[in-house]
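Here is the structure we will look at.
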Amino acid sequence: MLRNLRGRFLLFSSNATINKVRFSNCSAAYAVSDDSHEQSSSVSLTDSRSLPESSRDTGDYISAILSCKSVVDVGKIHAQVIVNGFLQELPVANKLIYIYAQFRAIADAEALFEEVSVKDSVSWSVMVGGFAKTGDFFNCLRVFRQIVRLSLNLDNYTLPIVIRASRDKKDVVVGRLIHEVALKSGMDLDCYVCAALVGMYAKCGMIDDACKLFDEMPKRDLVTWTVMIGACADSGRLDESWVLFERMRNEGIVPDRAAIVTIVNACAKLGSLHKAVILHDYIRLMNFPVGVILGTALIDMHAKCGNVDAAREMFDSMKERNVISWSAMIAAYGYHGKATQALELFHAMLERRLSPNEITFVSLLNACSHAGFVEEGLEIFDLMPKYGTRPNVKHYTCMIDLLGRAGRLDEAREMIETMSIEKDETLWGSFLGACRIHKNVEMAEKVAISLLELQPQNPGHYILLSNIYANDGKWKEVAKIRNLMNQRGLKKVPGYTWIEANNKTHRFKVGDRTHPKSKEIYDALRVLTEKLEKAGYVPDTNFVLHDVDEEVKVGMLSLHSEKLALAFGLIATPEGSLLRITKNLRVCGDCHGFFKFASLVTRREVVVRDANRFHCFKEGSCSCGDYW
DNA sequence: CTAGGGTTAG
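Position in the first sequence counted from 1, then plus 3, gives you the numbering used here.
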């Protein structure tokens with residue numbers, strides 16, 4: 004491109020001028036003429052102005068550059084800039100470099116950058132940013148190193164660019180080096196630099212470094228707070244996100260929409276209905292304009308905090324909705340076991356001629372799977388290519404789940420065998436889960452081998468397999484697996500259950516005695532269990548992974564964190580009120596049965612969010628239809 | 001003349 008321009012430059016300097024350049028609506032049309040009489044009579048560099056060439060200034064060129072719609076447009080303006088000698092004006096040259104980079108014409112940008120003999124800090128910054136934009140980490144750093152080597156001024160434009168580049172590449176080593184450079188230049192306390200560093204450390208999994216840096220900052224602006232709140236949420240420190248949000252407001256910083264979206268997402272992950280209500284009230288109180296993004300985040304939050312109806316209300320109230328909003332709502336119905344509504348929404352979406360994307364289909368297939376809608380799921384799966392979406396491994400995983408749970412293990416296996424896409428551990432895990440439900444030890448063993456090879460460090464797979472063996476009374480095998488886990492230094496992820504009562508969250512683990520009301524809780528649990536047994540509850544000892552007497556197994560089950568949380572909820576909240584419980588893993592099968600009886604006997608509705616979905620226990624049954 | 005943080009699944 005630049006070579007062409009040089010050619011053109013020669014052409015122009017030998018008595019040629021641009022005859023017509025019109026950028027109305029930025030569609031460029033121009034001609035070259037030897038005839039200099041007509042020059043500039045109809046030149047319009049901007050949309051609204053026509054200026055004689057002589058009176059064009061830097062600003063006119065810059066706005067013309069900004070209005071370019073393609074790299075071809077840029078080339079034309081570039082030519083004029085050269086002809087009229089405006090390339091000496093650094094703002095113009097920098098803007099050209101910038102716009103080339105925006106159009107990903109990085110070679111043109113670089114050629115021009117090299118050509119500009121006297122560069123300022125903007126030139127350098129724009130060039131570094133250009134490489135970053137095209138994902139060229141290597142050259143981005145190369146230019147940055149030049150800046151450092153030439154001892155040029157490091158500013159709060161360039162530094163954040165390279166820091167973000169190392170964030171995107173998850174290269175904390177480079178990130179740290181840049182941090183060092185920032186320290187030496189005294190730029191490390193700048194808000195832009197610091198926010199970028201915090202984000203980089205957090206994305207690289209070094210949340211403690213991020214926190215430390217954040218705490219040491221002399222001044223924090225809104226964006227830095229937002230980055231830190233999001234970083235905590237990403238690394239699972241959800242309570243900290245909430246605390247930070249409050250601290251920020253206490254320091255007089257008013258959140259904007261992006262900050263609100265960040266905290267809304269943290270709340271969605273947390274699953275606290277109480278906080279969800281507070282947040283939404285706050286948003287209304289502050290009169291925040293709810294656009295598509297915030298609206299969609301709110302749909303997601305309400306749904307993940309257990310209130311699908313509020314999610315739907317939000318969805319209905321939105322003036323503007325995109326695929327993401329629709330997908331979020333479909334997903335919400337999915338994990339609440341409402342496949343019919345999910346399918347309805349999907350069809351409504353098609354009627355509006357909105358194209359579903361890959362995620363829409365994952366959500367929809369998942370909804371079918373959670374409700375046992377096998378035929379509907381198969382139909383949807385076949386429909387995918389019609390909408391330009393090829394099934395990927397996630398879609399296949401939904402299908403394996405759907406067929407597998409429904410007991411159609413052979414079909415699931417056949418699908419796995421015939422699929423042409425690379426299989427991952429989630430897919431195998433899903434099949435293994437189906438083997439467990441339907442007690443197919445043979446198939447499970449075969450699958451487990453591939454699975455443990457593919458992902459030897461995931462304790463969940465070992466637990467699942469030992470579950471299957473335990474179920475079959477194969478205690479030797481169970482012991483083998485346990486040994487294997489020990490050898491590999493793996494531990495079962497500890498299960499926790501949370502319950503909200505009196506605006507406070509209470510957490511329990513198995514056999515927990517740390518709660519101040521521990522004695523009352525165990526007393527209540529004993530009384531409750533007796534009542535449930537009278538109503539027909541029988542402990543399901545299949546969920547105990549130890550080779551011990553039945554009696555001991557029953558005793559172990561009775562200490563599960565789910566039951567402790569439930570017992571606490573019953574004594575800590577008014578009679579008849581709804582209980583909301585969250586578990587970090589899947590709810591145990593015995594506890595699931597226990598909860599069903601409890602909802603009947605105590606006349607309480609209990610909503611449980613587990614790692615996979617929601618269970619709404621009411622009058623002796625669960626919204627999942629025991630299909631989870 | 002350059003610039004930051006925000007939405008759906010698993």
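Every residue, glycine too, gets a C-beta built ideally from N, C-alpha and C. Quick caveat: nothing in here was measured; it's all calculated off a predicted structure.
Residue nearest to residue i in terms of C-alpha spacing, selected from the options
i      : options                        : result
Ile440 : Val513, Asn545, Lys494, Asp385 : Asn545
Thr363 : Glu378, Phe376, Ala345         : Ala345
Arg315 : Val230, Leu297, Ala335         : Ala335
Arg485 : Tyr499, Pro497, Asn470, Gly498 : Asn470
Gly432 : Ile452, Gly274, Phe600         : Ile452
Arg252 : Gly239, Met220, Arg240, Ile266 : Ile266
Arg148 : Asp629, Leu180, Ser275, Leu454 : Leu180
Asp543 : Ala570, Glu503, Asp593, Ile166 : Asp593
Asn443 : Val119, Leu467, Leu353         : Leu467
Val604 : Leu531, Glu553, Asp111, Val555 : Leu531
Pro497 : Val365, Asn360, Leu353, Ser564 : Ser564
Leu225 : Asp259, Cys214, Ser244, Cys207 : Asp259
Ala614 : Met488, Leu273, Ser602, Asp60  : Leu273
Gly294 : Asn268, Lys307, Asn325         : Asn325
Trp3   : Glu445, Arg250, Glu417, Tyr390 : Shown here, the chain extends from 4 to 631; a query on residue 3 therefore has no answer.
Ser358 : Gly340, Thr392, Leu368, Val365 : Thr392
Leu276 : Glu417, Val611, Val547         : Val611
Arg529 : Leu560, His509, Ile150, Ser73  : Leu560
Close-in-space but distant-in-sequence residues of the same chain around residue i (CB under 7 Å, 5 per side omitted)
i      : result
Asp237 : Ala205
Gly255 : none
Cys372 : In the sequence on display, residue 372 carries Ser and not Cys. The residues are Gly380, Cys401, Asp404, Leu405, Arg408.
Phe434 : Ile403, Gly407, Ala415, Ile419, Val450
Ile263 : Ile286, Phe291, Leu297
Cut-off 6 Å between Cβ atoms - residues of its own chain near residue i, not counting five sequence neighbours on either side
i      : result
Arg429 : It is Thr, not Arg, that sits at residue 429 in the sequence shown. So the list reads Thr400, once near-sequence residues are dropped.
Leu581 : Glu608
Ala135 : Cys143, Ile164, Ala168
Asp550 : Trp478
Phe600 : Leu535, Ala538, Tyr540
Ile327 : Thr299
Asn97  : Val125, Ser126, Val129
Ala185 : Leu162, Asp191, Val196
Leu93  : Asp123
Per-residue burial, residue i [other beta carbons within 10 Å of its own, 16 or more giving buried]
i      : result
Asn117 : Residue identity differs from the one stated: residue 117 is Glu in this sequence, not Asn. Under this definition Glu117 is an exposed residue.
Leu567 : buried
His595 : buried
Asp218 : exposed
Ile102 : buried
Ala2   : Look at the range of the chain in this structure, 4 to 631, and you will see that residue 2 is not part of it.
Asn290 : exposed
Asp394 : What sits at residue 394 in the sequence shown is Pro, not Asp. It is buried - the Cβ of Pro394 has at least 16 other Cβ atoms within 10 Å.
Gly572 : buried
Asn505 : exposed
Arg59  : buried
Local conformation of residue i per DSSP, three classes
i      : result
Thr137 : coil
Trp631 : coil
Leu569 : helix
Ser244 : helix
Ala205 : helix
Phe147 : helix
Phe600 : helix
Ser433 : helix
His182 : helix
Ser70  : coil
Ser624 : strand
Phe511 : strand
Arg583 : strand
Arg612 : strand
Phe376 : coil
His81  : helix
His464 : helix
Glu323 : coil
Ile256 : coil
Ala415 : helix
Beta-carbon proximity list for residue i, same chain, < 8 Å, skipping 5 on both sides
i      : result
Thr49  : Caution is warranted here: a pLDDT of 44 is assigned to Thr49, below 50, making its placement in the model unreliable, and the coordinate value is therefore given only provisionally. Cβ within range, chain order: Phe26, Asp63, Ser66, Ala67, Ser70.
Gln458 : Glu428, His464
Ile574 : Lys520, Glu523, Ile524, Ala527
Leu247 : Trp228, Met231, Ile232, Cys235
heavy atom of the ligand FAD below 7 Å from residue i C-beta
i      : result
Thr429 : Looking for the ligand FAD in the displayed structure turns up nothing, as the structure carries no ligands at all.
Are the region 321 to 335 and the region 300 to 309 touching, with three or more C-beta to C-beta distances below 8 Å? yes
Between the region 72 to 92 and the region 106 to 113, do at least 3 Cβ pairs fall closer than 8 Å? yes
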